Amino acid sequence: MRPVTNPVLPGCHPDPSVCRVGDVYYLVVSSFGYYPGIPVYRSTDLVDWELVGHVLDRPGQLDLTGLDLSDGIWASTIRHHDGVFYVVSGIARGRTGASTFVVTATDPAGPWSDPVELDAQGIDPSLFFDDDGRCWFTGARDAPEPAVTGPGELWLRELDLDTLRLVGPEHVLWHGALRGQWVEGPHLYKRDGRYLLLAAEGGTERNHAVTAASATHVTGPYVTDPRSPLLTHRHLGPDHPVQNVGHADLVDTPSGQTWAVVLAVRAVDDTHVLGRETFLVPVEWSTAGPVFAPGAGAIHVGEAATAAPVEVLDLAAPLAAQGWASLRGPVTGLVEPVPDGLLLTPAGADLAGRGTPTFVARRQQHPRFRTRTRLRADGLTGAEQAGVVAFLHQDRFVTHALGVDADGSREVRVTAWTSAGGHVLGRAPLPGDSATLLITGDDSTYTFALETGAEQTVVAAVDRAFLSTEVAGGFLGVHLGVFADGASGPSTAQALVEAFSYEPLAAPRQ
Ligand code: 6LW
């Protein structure tokens with residue numbers, strides 16, 4: 001096994017779920033309002049992951065129109081049984097209202113089936129295949145009483161694999177170990193003849209924790225593991241660089257070593273912008289049950305996490321295969337690869353709305369980075385603009401775009417957007433039709449600059465906390481991308497993204 005460099009999936013990759021088939025591991029994460037939905041990653045060592053496809057990549061499978069970007073696809077589970085891959089997931093509308101579905105595939109790279117809706121309330125569905133081949137569905141839903149905040153009850157029902165329907169009686173499994181907040185993210189396993197139930201508790205913020213219970217029968221009764229929480233960073237204080245650890249899924253290597261994938265955030269000054277990321281943690285077994293990160297006490301960020309190569313947008317390959325995504329649906333006709341670039345046509349839908357604007361973006365995956373975008377725009381009028389964006393969600397983003405000023409002269413302007421609208425932070429005149437736009441991020445600031453030859457002119461800078469989850473809310477991490485909006489009707493303007501690169505930057509030497 002290679003040394004673990006955490007996070008193993010940097011940037012917004014929360015709620016990881018993993019399974020193994022032979023020597024190969026497959027992992028899915030939440031995709032919220034992004035399209036295509038539910039990325040599938042493949043690995044042979046649990047450390048290096050390659051994007052191989054998406055579970056929901058046809059409009060007929062997924063309708064996210066009108067949703068808050070932090071709603072949509074939440075925690076899914078991937079499992080493999082008898083030659084078939086299963087993903088159970090749901091479309092969340094608010095933290096407890098979700099429609100739950102199951103999809104299947106024989107190749108995890110796709111195609112996946114159309115979703116089959118399940119008669120299940122709540123969130124965070126999971127599947128467990130018992131030794132006798134029966135499949136058990138578990139999920140998290142509101143508890144009747146005593147009321148806790150968020151889902152407080154983990155429940156189980158059998159899934160009939162022939163009809164893909166939930167059948168038989170429902171069983172309430174557990175109300176968590178901490179009796180506090182958000183008992184969710186259940187996964188069931190069988191170990192040494194006992195059924196092990198893992199849960200995420202405390203909410204996905206600083207109090208997040210992995211807890212456990214076990215039972216002799218799959219339907220219960222489940223007895224709380226008194227060592228719970230089995231993994232958390234809630235006690236390490238706000239200065240620990242890794243926070244919010246929780247939401248574990250277990251997988252065994254072919255030689256019997258157990259690992260957990262969990263979500264966690266990299267916090268700086270008690271805020272994070274990268275979203276919840278996927279970390280890998282070793283697990284050992286004691287007579288009392290699983291021991292997470294044995295002997296280590298805490299999870300740390302690996303050095304190599306900042307030493308990744310520059311990534312260049314490959315115009316000849318599909319955008320989704322390179323980790324680019326749009327908002328709530330496909331952008332056919334709005335964002336089109338052409339021989340000399342990516343053609344953007346300004347749409348009426350804007351980034352602050354709940355539709356599908358002219359926008360594609362990829363995750364910010366490193367605390368320090370630079371994007372460099374060469375853009376040409378023709379015919380922009382009125383409020384139309386085209387450029388680059390550091391985007392957290394529809395109520396929080398910063399655009400760095402070509403447009404025209406009140407006199408009709410070309411300019412570049414940087415605008416900070418909140419739910420109250422846009423606030424222009426800086427402007428610079430633009431002599432021609434094209435510009436090289438830079439976004440640079442570090443531990444304190446996002447800087448938006450114009451590059452002319454060897455010269456860089458800063459147009460505006462924004463405090464990093466402006467784009468953080470702690471300040472702006474939501475479940476997401478910053479994405480970096482290109483967009484065109486502001487059209488009041490069919491637009492004759494067009495923008496061409498001639499080149500885009502994303503470059504991780506090393507930390508300054510102390
Ligand atoms: C996920 C749930 C959660 O479904 O956040 O706070 C949701 N907890 O486990 C979205 O990631």
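Take the sequence shown: its letter number 350 is residue 350 in UniProt numbering, and every next letter is one higher.
C-beta atoms are modelled at their ideal positions from N, C-alpha and C, and glycine is treated no differently.
No experiment lies behind these values; they were computed from the predicted model shown.
Query, Result
"His175 CB to nearest heavy atom of the ligand 6LW below 8 Å", "no"
"Exposure of His272, with buried meaning 16 or more beta-carbon neighbours within 10 Å", "buried"
"Sub-9 Å separation of Ser501 and Thr381 beta-carbons", "no"
"Whole beta strand (DSSP E) elements within the stretch 104-136, 3-residue minimum", "116-118, 123-129"
"Segment contact flag, the stretch 277-292 with the stretch 5-22, C-beta cutoff 8 Å, min 3 pairs", "yes"
"Segment contact, 8 Å Cβ cut-off, at least three pairs: the stretch 48-57 with the stretch 103-112", "yes"
"Sequence-distant residues of its chain with Cβ nearer than 6 Å to Glu184 (five each side left out)", "Asp124, Ala140, Pro151, Ala200"
"One or two residues paired with Glu455 in a DSSP bridge", "Thr452"
"Residue from Ala390, Thr211, Asp131 with nearest C-alpha to Gly477", "Ala390"
"In DSSP terms, what Ile73 is bridged to", "Phe32, Ile91"
"Through-space distance from Pro226 to Val218, alpha-carbon basis", "19 Å"
"Distance CB(Ala401)-CB(Thr415) smaller than 9 Å", "yes"
"First and last residue of the uninterrupted alpha helix (DSSP H) at Ala215", "Here Ala215 belongs to no alpha helix (DSSP H); instead the beta strand (DSSP E) covers 209-215."
"Counterpart residues of Gln385 in DSSP-defined beta bridges", "Asp485"
"Beta-carbon proximity check, Arg370 vs Thr440, cutoff 9 Å", "yes"
"Integer-rounded CB distance, given that Leu231 should sit under 8 Å from Val261", "About 12 Å; that fails the 8 Å criterion."
"Reference Ser89; option with closest CA among Gly122, Arg58, Leu69, Pro238", "Gly122"
"Asp405 to Gly176 span [Cα, whole Å]", "57 Å"
"Burial state of Thr65, where buried means 16 or more other Cβ atoms lie within 10 Å", "exposed"
"Separation of Arg234 from Asp119, as counted between CA atoms", "35 Å"
"Endpoints, alpha helix (DSSP H) assigned at Ala308", "That residue, Ala308, is in no alpha helix (DSSP H); it is neither H nor E in DSSP."
"Rounded separation between Tyr222 and Thr211 - CA only", "12 Å"
"8 Å contact criterion, which Glu498 and Asp340 should meet: CB distance rounded", "7 Å"
"Any non-hydrogen atom of the ligand 6LW within 8 Å of Phe475 CB", "yes"
"For Phe475, three-class secondary structure by DSSP", "coil"
"Pocket of the ligand 6LW defined by Cβ to heavy atom distance under 6 Å", "Pro14, Asp15, Ser30, Trp74, Ala75, Ile123, Asp124, Trp182, Glu184, Gly185, Ala200, Gly203, Thr204, His247, Phe475"
"Three or more C-beta pairs below 8 Å linking the stretch 454-469 and the stretch 416-436", "yes"
"Ala316 classed as buried or exposed, judged by whether at least 16 other C-beta atoms fall within 10 angstroms", "exposed"
"For Gly486 and Gly473, the rounded distance between their alpha carbons", "25 Å"
"Beta-carbon proximity list for Gly220, same chain, < 7 Å, skipping 5 on both sides", "His171, Leu173"
"DSSP three-state assignment for Arg464, whether helix, strand or coil", "helix"
"Spatial neighbours of Glu411 in its chain, beta-carbon cut-off 8 Å, leaving aside the 5 residues before and after", "Leu402, Gly403, Val404, Asp405, Arg427, Ala428, Pro429, Leu430"
"Reference Ala193, options Asp249, Leu480, Glu284, Asp131, closest by Cα", "First, the amino acid is wrong: residue 193 is Gly here, not Ala. Gly193 has its Cα closest to that of Asp131, out of Asp249, Leu480, Glu284, Asp131."
"Length of the line joining the Cα atoms of Gln364 and Phe292", "28 Å"
"Spatially closest choice to Ala267 from Ser468, Gly302, Pro309, by CA coordinates", "Ser468"
"Minimum C-alpha distance to Leu236 - residue among Ala75, Asn207, Gly203, Ala98", "Asn207"
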